[in-house]
Structure formats: C-alpha cells, structure tokens
Amino acid sequence: MSKRGAKLTAWHGLQNCRVPVAVTCLVGILVLSILFFCNNEKSPDSSFGYPMKKWNAFESVQFHPTIELRNGTDVIWQIPSSPKAILFVAHGCNGRAVNFWDRSPSCPTCVGLPEERLLVLHALARKFAVITISSAGRCWTFGKEKLIVKDIIQWWTQTHNHESLPLVALGASSGGYFVSALATSLRFSSITLMIAEGMFDQMGITENYPPTLFVHMPKDSYRQQKISEFTGVLKNKGIDVAEVECMEFPLSRSFLADRIPGVDETVSAKLFELFQAKGFVDGSGYMKQDGRATQWKEALRQSKNLLLDKSLIQHVQEELNLAFAYHEMTSLQSEQIFKWFESHLN
Ligand SMILES: *[C@@H]1O[C@H](CO)[C@@H](O)[C@H](O)[C@H]1NC(C)=O
C-alpha cells in the first residue's frame, strides 16, 4: 500500500472507531503522518536515513599517517589505539593513496578528498586500522598487481603484529573490481564494493567467498542491473550479501563549506548562486548533470570575484558528482558500511 493509501485507510478507520479506540487510532494517524512527512522531507540532512557529517565531525580523530614505499608503490596507513580490525581501501581510476589523507607535516603531498578523508576518519573513529595503496597505473589491473597488493598487506600485518586482527576491504569503482578479485586470494572477513558490480562473471567463487555489501548509485541503471544479477550469483553460493542505495540530493548554500575543509561559507554560497544562475542546478538545487559533464569550471573562470583555491577544484567536483549520485566515492553511507564490517568480524 502507498503511504498516501495507508493514511487514507487510517482516516476511514477513524470514522468507524468507537470512543475507547479513538485514541489508538489518533496515535496511529500521528505515526503515519510523521512517516509521511519525513519521507517527503527534501533537506539533505534528514531525507536519506543517515546524517550528513560535516568535514570536521571527527574532532577526536587526528590524521597522522605513515607513508612508505613498497613494491614500487606508495602505502599510506594509520593505526588507531587498540585497533579491532584492518581496513584495506582501494581507490578508483585516477585515484591515489594520498587522496585519503589530509595534507599534514606527516604527509605533505596528501590531498584529502572530502569523501575519502571522511571514510578514513569514520574507520579510525571505529578503531579500524586503515591501509591505502596506490595502483601502479591509472586503474587497477588484475594480474601481478593482485600478488603485489596481497604481499603488501601480508607484510604490513606481520610487521605490525596484527595477523590476528580481522581484515576487511572496501573498493570503489576500479578498486571495487580489484577487491572483488583480491578476495579470492586473500582472506577478508567481509568486503564492500562501492559503485562497482565486481568481477563475478569472470571468476569462480566458492562458499568461502566473504560476505559482500554493494554500495551503489541506482541512477547508474546498467550497474544496478549487474548488481542484482551478481547478488543472485552470490546468494546461490550461500554467501551473505546486501546492498545500500545512494540517492541524489540537492545542493545548498552551505553544502560545499560543510563538506570540504578550506571552502568557507562565503565561497560556498557564491558557488551555489553561480550554479543557480548558470542553470547547473534545478529550482530545488539538484544537479542537472554529473559534475564532470557540467561546465562549472569555465563558469568559475569567467566569474572574476569568486576565488576558489585551485587545489580545491577536484574536491568541489567530487561533491557535485556525489550530489548527482551517478558514479562517485561516497562516505555518506559509512554508518551502514561499518555496521556491515562489524557484524562480520571473525
Ligand atoms: C614485494 O616486495 C617484497 C620485498 O621487496 C618481495 O619479497 C616480493 O616478492 C614483492 N612482491 C612482488 C609480487 O613482486
């Protein structure tokens, strides 16, 4: 039954109520009305069942990563006090390990992209040690690179005496394919494949394959269809599998300042006004196209009085892609992701 239908039925029910049950009916109507209005709420803070954290939401957690070179690539990691598990994160194409960590004296070349950094902060706050590794090329490859990453993770766990800790992995896009394949040769307690359907049509899997969470953006309908197909494949093997859908949401004047360290309220509001003036967003603030397909950088160049630090272009672009919700790294579902990992630690 639709929500509106449920509400109408409740109204008809009330007309038939006798006095003693009228109160119960009223309470029922109140609950239905609350559900009805909450589900129609369009504010980005409350409409998706998860809070939209601000960039500085984790004041108790500080970035102080260690950078190492191993097998010709960079490995950046951090261990919280009393870690309960280890999280390996694989970036998408064009990604790098430096994107996951804020620039700091311990990582002067770090970039700290908004979603990547919040994902790591969530992980550290929940006592997951985090290892990020850069792919050798633009995207991950599925031959020797799997061996290299496996070697790096095993070397790292041995060096830090954490071989007994559960190991989990999250990969986004190309990193999602990579993690899905790596999971056949390295034992993960569970994995999260973000905006990626995995390689399940190109590899055999056994009942020992780890529990798999798909975090995806249904606007990408081709991928959504693949994910429902592969969900069936995994379930047929008796593997625990679930999905989390990430939906579009409207921009606001404060959105970019809320999400990106270094973008202040004024710049954030001016950018939003520019996007409105140029018709990049609709009347409700929703992006009309993916950030990559929107000519916002040209518009920015033409508007002389709007100063956005060049080093933050990539950060803004990421948030625009996220709001459009077609294909982007996301930390907004961190609560569900870490609950998934935590409910499968063994
Ligand atoms: C990675 O480096 C270690 C140490 O140098 C080496 O023993 C190992 O064979 C390398 N792994 C691969 C797959 O090349």
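Using this note's numbering, the first residue of the sequence shown is number 179, and each one after it goes up by one. The C-beta atom is built at its ideal place from N, Cα and C for all residues, glycine as well.
Listed as beta-bridge partners of arginine 248 by DSSP are Thr251. Counted as a single uninterrupted DSSP element, the alpha helix (DSSP H) harbouring threonine 337 occupies residues 322-337.
A check of alpha carbon separations from glutamine 511 across Thr337, Pro243, Cys285 and Ile373 identifies Ile373 as the nearest.
The beta-carbon distance between tryptophan 255 and isoleucine 309, rounded to whole angstroms, is 4 Å. This is short enough to meet the 8 Å contact definition.
Look at the beta carbons and you see the region 479-487 not touching the region 500-517: under three pairs across the two are nearer than 8 Å. Per DSSP, the continuous beta strand (DSSP E) segment holding isoleucine 264 begins and ends at 263-268. DSSP places glycine 349 in the uninterrupted beta strand (DSSP E) bounded by 345-350. Residues Glu375, Phe392, His394 and Glu421 of the same chain have their beta carbon placed closer than 7 Å to that of isoleucine 405, with the five preceding and five following residues left out of the count.
The criterion of a C-beta distance shorter than 8 Å is not satisfied by leucine 500 and valine 459.
Annotation: glutamate 443 to tryptophan 233 spans about 13 Å, alpha carbon to alpha carbon. Between ligand 1 and the CB of aspartate 329, the shortest heavy atom gap is smaller than 7 Å. Here the distance from the Cβ of isoleucine 326 to the nearest heavy atom of ligand 1 is below 7 Å.
For valine 441, no beta strand (DSSP E) run applies, since DSSP gives it neither H nor E. In the three-state DSSP reduction, leucine 429 falls in the coil class, being neither helix nor strand. 8 Å or more divides the Cβ of lysine 328 from the Cβ of alanine 359. Counted as a single uninterrupted DSSP element, the alpha helix (DSSP H) harbouring phenylalanine 519 occupies residues 512-520. Here the distance from the Cβ of lysine 517 to the nearest heavy atom of ligand 1 is not below 7 Å.
Excluding five sequence positions before and after proline 283, none of the CB atoms of its chain fall closer than 6 Å to its own CB. Pairing serine 367 with leucine 345 gives a Cβ-Cβ distance under 8 Å. Secondary structure of glutamate 293 (DSSP, three-state): helix.
The C-beta separation of leucine 343 from valine 357 comes to about 18 Å, leaving the pair out of contact by the 8 Å criterion. In terms of Cα proximity to alanine 307, the closest of Lys488, Ile257, Phe266 and Val298 is Ile257. Histidine 505 sits in coil when the DSSP states are folded into three classes, being neither helix nor strand. Not a single heavy atom of ligand 1 lies less than 7 Å from the C-beta of asparagine 414. Leucine 302 has its alpha-carbon roughly 13 Å from the corresponding atom of glutamate 520. The beta carbon of cysteine 317 sits closer than 7 Å to those of Cys271 and Ser352, all from its chain and outside the five residues before and after it, given in chain order. For alanine 307, the beta-bridge partners assigned by DSSP are Ile264. For the options Lys466, Glu476, Phe516 and Gln480, the alpha carbon positioned closest to that of phenylalanine 502 is the one of Lys466.
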